[in-house]
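Colleague:
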Amino acid sequence: MTAHTPLRSIDALIARGLADPAGRAALDAVAARYAVAVTPAMAGLIDPADPADPIARQFVPTARELEAAPQERADPIGDAAHSPVEGVVHRYPDRALLKLVHACPVYCRFCFRREMVGPGGDALTGDRLEAALAYLAAHPEIWEVIMTGGDPLILSPRRIRAVTARLAAIAHIKVARWHSRVPMVQPERITAEFARALRVPGKASYIAIHANHPREFTGEARLALARLADAGHVLISQSVLLKGVNADPDTLAALMRAFVENRVKPYYLHHPDLAPGTGHFRLSLDEGQALVKSLRGHLSGLCQPTYILDIPGGAGKVPVGPSYLSGCEMPGAEAAVEDRLGVSHAYPPPGGETPR
Ligand SMILES: *Cc1c(COP(=O)(O)O)cnc(C)c1O
Ligand code: SF4
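Quick note: the sequence shown uses my numbering, first residue 341, plus one each step.
(1) Where do the N-terminal and C-terminal ends of the beta strand (DSSP E) with K633 fall, by residue?
(2) To the nearest angstrom, report how far apart P480 and H442 are at their CA atoms.
(3) Flag F621 as yes when its Cβ comes closer than 8 Å to any non-hydrogen atom of ligand 2, and as no otherwise.
(4) Does the structure place the stretch 457-466 close enough to the stretch 617-629 that three or more beta carbon pairs sit under 8 Å?
(5) Going by DSSP, what residues sit across from M487 in a beta bridge?
(6) Using the C-alpha atoms, what's the distance from A420 back to S666?
(7) In three-state DSSP terms, what is Y432?
(8) Closest to D390 by CA distance: which of A359, L473, D650 and A366 is it?
(9) How many angstroms separate the CA atom of A686 from the CA atom of L595?
(10) Short of 7 Å in beta carbon distance, which residues of its chain neighbour F452, apart from the five on each side in sequence? Order them along the chain.
(11) Determine the direct distance from the alpha carbon of I510 to that of A477, and round the result to whole angstroms.
(12) I need the straight-line Cα distance from P695 to C668, nearest angstrom please.
(13) Would you kindly report the start and end of the unbroken alpha helix (DSSP H) that includes D650?
(14) My output table needs one value for A544: the three-state DSSP class, helix, strand or coil.
(15) Using 8 Å as the cut-off, classify the Cβ of Y447 as near or not near the heavy atoms of ligand 2, replying yes or no.
(16) Rounded to whole angstroms, what's the CA-CA distance from M341 to I576? Just pull it up for me.
(17) If V376 sits next to R348, beta carbons under 8 Å apart, how far is it from one beta carbon to the other, in whole angstroms?
(18) Roughly how many whole angstroms lie between the Cα atoms of I513 and L642?
(19) Can you check DSSP and say which residues form a bridge with A549?
(20) Would you say Q398 and H638 are within 9 Å of each other, going by their C-beta atoms?
(21) Return the chain-ordered list of same chain residues with a C-beta closer than 6 Å to the C-beta of G584, the five sequence neighbours on each side being excluded.
(22) Nearest CA to the CA of F450: which residue from Y608, E601, G628 and L581?
(23) Nearest by alpha-carbon distance to L406: which of R506, A508, T379 and A371 is it?
(24) If I'm right that H550 touches R521 with Cβ under 8 Å, what's the distance once you round it to whole angstroms?
(25) Taking the alpha helix (DSSP H) that G466 belongs to, which residues open and close that run?
(26) Compute the beta-carbon to beta-carbon distance between V515 and E484, rounded to the nearest angstrom, for a pair I have assumed lies under 8 Å.
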């Protein structure tokens, strides 16, 4: 093994000083259940002397993952119920997920699809890919295709072109969107040629960049993002609000600014899903709203993500605040609106009096 090989076992993590040999039995039990991989780029960011390292917390397994809680679910957002054909999840009429692969370059310890992702399992190819494409082609209401997995950017440019060429031929698809962690965790993959291969000819192209901590924005990652933006993709962000990683005002602000500085428009900040063994990452919705409010107080409007809850069971994603409006008792006022300093202001109904 060299410094350029992903760490894929507890032994490899112990050898790099990233896991404690005393905990090996529990960690082996975790690894038997959930896939493990830490890319060299991410391993290199971890300070092994810091027991609370936010990068380690995202990727290095811990015994706490064995503590499943009753409210947790193997399929937290109910993908299975909305999958008409293997590889497609069609929950909202105008857009569908196309899951091209089950594997990822890293395995996040909080992953909402942790029971589904891993190095085993085939990529969607051959007849199964044909059936998925046939579904997309047969549903003219599908305006956007969202390519995800696993992480679709682990595919070779040749495999990617085989899919993009087929999507290009489906006239009702106007928008192609990729979701990926590769630009941050394996940035060396994103060459200019690779960035071009991700364009679906004739369609608007978006890439949702998954990052959770400002430290992930290494020089290499910044270059990867620049190559994607220069190749004509619109870059948007996706992060998960995670206790012990980014759930404090300064880290969250630095993360959102790092996105914007690298031409990535903050899009979604996800409340953590009820994936098994992830209780140590979860915070309350109240705590999440307070953090999101702290951003609105002092960061550019460009740096504001939407705070999203994917309702357990499959009802879909909804923004969960914070809200700046409340009912108002004052005569002639429809609502009270709170400003960034917490001061309340009455707002009149249409045609109503402006209260003083
Ligand atoms: C998250 C998700 C989408 C995308 O939702 P947006 O709000 O458009 O980002 C689409 N389909 C499914 C099944 C999803 O889970
Ligand atoms: S990259 Fe995404 S799909 Fe893969 S383990 Fe991480 S959160 Fe899950």
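Don't be surprised by glycine CBs; every beta carbon is placed ideally from N, CA and C.
Modeller: Taking the coordinates as given:
(1) DSSP places K633 in no beta strand (DSSP E) but in the uninterrupted alpha helix (DSSP H) bounded by L625 to H638.
(2) Cα to Cα, the separation comes out at about 27 Å.
(3) No, the beta carbon of F621 sits no closer than 8 Å to any heavy atom of ligand 2.
(4) Cβ pair count under 8 Å is below three, so no.
(5) Note: M487 sits in a beta bridge opposite L438 and W518.
(6) Cα to Cα, S666 sits roughly 38 Å from A420.
(7) In the structure shown, Y432 sits in a strand (DSSP, three-state: E or B).
(8) Ranking the options by Cα distance to D390, first place goes to A359.
(9) Taking the straight line from one Cα to the other gives about 34 Å.
(10) Excluding sequence neighbours, F452 sits near P416, I417, D613 and A615.
(11) Going by the C-alpha atoms only, they are around 6 Å apart.
(12) For P695, the predicted model reports a pLDDT of 49, less than 50, meaning its position is unreliable; a value from the coordinates is still stated below. So the alpha carbons of these two residues sit roughly 11 Å apart.
(13) First-last for D650: T646 to I651, but that is the beta strand (DSSP E), not the alpha helix (DSSP H).
(14) Three-state result, A544: strand.
(15) Yes, ligand 2 has a heavy atom inside 8 Å of this Cβ.
(16) Legend: pLDDT at M341 = 49, less than 50; position of this residue unreliable, value from coordinates given subsequently. For M341 and I576, the distance between alpha carbons rounds to 35 Å.
(17) In this structure V376 touches R348 by the C-beta definition: roughly 6 Å separates them, less than 8 Å.
(18) Our two residues, I513 and L642, have alpha carbons roughly 28 Å apart in a direct line.
(19) For the sequence presented, residue 549 should be read as Ile rather than Ala. Beta-bridge annotation (DSSP): I549 is paired with S520 and S577.
(20) No, the pair does not count as a contact, with Cβ atoms beyond the cut-off.
(21) The beta carbon of G584 is closer than 6 Å to those of R397 in its chain, skipping five residues each way along the sequence.
(22) Of the listed residues, the one whose Cα sits closest to F450 is L581.
(23) With distances taken between CA atoms, L406 lies nearest to A371 out of R506, A508, T379 and A371.
(24) Indeed, because the Cβ distance is near 4 Å, the residues count as touching under 8 Å.
(25) Unbroken alpha helix (DSSP H) run through G466: G466 to A478.
(26) Indeed they touch by this definition, with Cβ atoms about 4 Å apart.
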